[in-house]
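Quick note on this note's numbering: the sequence shown kicks off at 68 and runs consecutively. Virtual Cβ for every residue (Gly too), placed ideally from N, Cα, C.
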Amino acid sequence: MSAPILPSAITDLSDTLSRLPGIGPKLAARLAVYLAVKGVRTRDELIAGLGDVAESIQVCSQCANLSESPLCAICLDEGRDRSSVLVVETVLDLYQIEKAAIYKGLYLVLGGLISPVNGVGVADLNIDLLWDMLAKYECKEVIIGFNNNVEGDATAMYISGQVGERFPGIKTSRLARGLGAGISLEYIDPSSLQGAFQNRSSVSN
Ligand SMILES: [Zn+2]
């Protein structure tokens, strides 16, 4: 039997890296080899960074944002408008909207979208946190900030229906569709995002 071409520590690292979003097996192998020899400083920083993240980062118990305390900085901020909750798919969407500094309400990070094809159902999402929030604060509006795709539409429809049943006084709206289909919220520039807020439309429920 011939000896393996790469040491097993490299192939193991490569396998792990290939499970990261957007990294295929070829790039994973390239990164593993780089980190083994050339990228020693980056490797050491990665080791330290991963340790810090594992130790200090938790999920906000109210909105599922990332946080260094049980409640995130947004939920703790008394200056935030508690009459609206913006539901986004991921923490990255939340950061994108915060960066644009155009929304001053609360958030709910859903952690995914309903997708029967991918085996994601309501039970896999942080939807119960939304009902807790709406019951706790005197909310007037739930704003849906999903991307315009099949999963985004299905999840928006589910949420607006449930809000209508559970909290009849709360209206549901959705960020404007002028953003174009298939464009991820993550990559939208601040002025387009502002337009999407201003032109958000009511969702009947
Ligand atoms: Zn929070």
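(request) Using the beta-carbon of each residue, find all residues closer than 6 angstroms to any heavy atom of ligand 1 and list them in chain order. (result) C127, Q129, C130, N132, L138, C139, I141 and C142
(message) Taking the beta carbon of T83 as the centre, do at least 16 other beta carbons fall within 10 Å, making it buried, or is it exposed?
(response) exposed
(request) Jot down the residue ranges of each uninterrupted alpha helix (DSSP H) in the stretch 82 to 129, minimum 4 residues, whole runs only, in chain order. (result) Those alpha helix (DSSP H) runs which fall completely within the stretch 82 to 129 and span 4+ residues are 92 to 103 and 107 to 123.
(request) Kindly indicate the opening and closing residues of the beta strand (DSSP E) around I210. (result) E208 to I211
(request) Inspect the beta-carbon positions of A131 and G178 and report whether they are closer than 8 angstroms. (result) Yes. Within cutoff.
(message) Please report the distance separating the alpha-carbon of L138 from that of P74.
(response) Cα atoms of L138 and P74: separation of roughly 44 angstroms, rounded to the nearest angstrom.
(message) Here's a check: name, in chain order, each residue in its chain whose Cβ is nearer than 8 angstroms to the Cβ of D148, leaving out the five neighbours to either side.
(response) K171, G172 and L173
(request) Flag this pair as touching only if the stretch 147 to 167 and the stretch 198 to 213 have three or more C-beta atom pairs under 8 angstroms; answer yes or no. (result) yes
(request) Report buried or exposed for G212, applying the criterion of at least 16 other Cβ atoms within 10 angstroms of its Cβ. (result) Counting of Cβ neighbours within 10 angstroms places G212 among the buried residues, the total reaching 16 or more.
(request) Alpha carbon to alpha carbon, how far is V217 from A168? Give it in angstroms, no decimals. (result) 28 angstroms
(request) Could you round the C-beta distance between I124 and L133 to whole angstroms and report it? I think they count as a contact, below 8 angstroms. (result) 6 angstroms
(request) Determine the burial state of T239: buried for a count of at least 16 other Cβ atoms within 10 Å of its Cβ, exposed for fewer. (result) buried
(message) Suppose you measure from the CA of S85 to the CA of L102; what does that come to, to the nearest Å?
(response) For S85 and L102, the distance between alpha carbons rounds to 14 angstroms.
(message) Once DSSP output is grouped into helix, strand and coil, what is the label at T222?
(response) helix
(request) Would you decide whether V154 is buried or exposed? Buried here means 16 or more other CB atoms lie within 10 Å of its CB. (result) buried
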